[in-house]
Amino acid sequence: MVEKIVSLLAGFIIATISTLGYGGIALLMAIESACIPLPSEIIMPFSGYLVFTGAMMLWAVALAGAVGCVLGSLVAYWVGAKGGRPLVEKYGKYVLISHRDLQLADRWFRNHGEITIFIGRLLPVVRTFIAFPAGVAHMNLWRFNLYTFVGSFIWCYALGWIGLKLGEHWNTLGTYFHQFDAIIGVVLVAGFSWYVWRHLKHVRMD
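Residue 0 is where the sequence shown starts when you use numbering that gives the first Met the number 0, and the numbers rise one by one after that.
As structure tokens, this is what we get:
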């Protein structure tokens, strides 16, 4: 089951970016930031690889990702601000949101305050769910958007840069590893499988 989910999501990510370009990046990052765990760790490196091919520009890739993060985060913020916790706790399992994910984001926001919105955007898992507790706390919307954009831009730029550098060294690395494309594919699938499995496990335990 996990393999099928991974295959579908990976195909969706690649097809969306290939078809919609920068708009596809923004859309996918908006989905991730709306508390739906669509991993930016795959979205942005693939976008960075397209920078290597000349199809995109790195700064524009990062900008599109950051804009998408702000838009998706506003959805999660609004749900939290409107008292949506019971709704998320009831239906979150259908989009792989577990109680542990929400508790982790809640704890970060409660312990570190509004700056957590910036810091959280640089942390895997936390970044996906941090907008919700900010909405619950009715954080100032202007500061929320600013911290979200700046933190997300740094995150998206860094992951895009990684994808770019992998592309630049593709041929060099290929001289050391036979069938390097296949190896990278296996690594990505394994990482993505772990990501989905982790969320499914936590959802079943809630």
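Ideal placement from N, C-alpha and C gives every residue a C-beta, glycine not left out. If you're wondering where the values come from, they're calculated on a predicted model, not measured in any experiment.
Following the DSSP letters along the chain, one finds P132 inside the alpha helix (DSSP H) bounded by residues A130 to V135.
Boundaries cannot be given for L122, as no alpha helix (DSSP H) includes it and DSSP labels it neither H nor E. In the DSSP annotation of this structure, the continuous segment of the alpha helix (DSSP H) that includes G67 starts and ends at L57 to A80. Rounded to whole angstroms, the separation of the alpha carbons of N139 and P38 is 27 Å. By the neighbour-count criterion, in which a residue is buried when 16 or more other Cβ atoms sit within 10 angstroms of its Cβ, R106 is exposed. Counting other Cβ atoms within 10 Å of its Cβ, S72 reaches 16 or more and is therefore classed as buried.
Between L163 and M43, the gap from beta carbon to beta carbon reaches 8 Å or more.
If you draw a straight line from the Cα of L165 to the Cα of V60, it comes to about 16 Å.
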